[in-house]
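Residue numbers (the UniProt record's numbering): 1 to 105.
Take a look at the structure set out below.
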């Protein structure tokens with residue numbers, strides 16, 4: 001999974017097709033919990049591009065997007081937000097996959 005490098009890159013990427021931003025931080029226990037199964041999710045949903053957003057590096061962007069809990073997921077397609085799974089709760093692989101399955105294509 002590629003990591004976001006700049007706010008400018010975020011605005012460029014969100015205009016592409018089927019992008020899912022994964023908001024997390026290294027110190028977040030729930031983010032560490034999902035880390036082992038994220039590669040399987042990326043493989044299963046290869047039609048999406050997954051981009052990791054470090055909450056500490058992009059705290060202003062998180063505020064702008066109302067991401068106050070991590071891990072969180074926001075999906076875009078051609079500049080339009082098509083779904084968000086944003087909360088501070090621990091997420092299971094099944095919950096993440098259900099979120100992606102519910103996204104409009």
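Glycine included, each C-beta is placed from N, C-alpha and C at the ideal position.
The beta carbon of residue 85 sits closer than 6 Å to the beta carbons of 73 and 99 from its chain, once the five residues preceding and following it are set aside; these are given in chain order. 17 is the residue among 17, 52 and 23 whose C-alpha sits nearest the C-alpha of residue 77. Secondary-structure assignment with DSSP links residue 93 through no beta bridge to anything. By the neighbour-count criterion, in which a residue is buried when 16 or more other Cβ atoms sit within 10 angstroms of its Cβ, residue 75 is buried.
The C-beta distance from residue 50 to residue 22 rounds to 6 Å, short enough to fall under 8 Å.
Looking from the CA of residue 97, the closest CA among 19, 38 and 31 belongs to 38.
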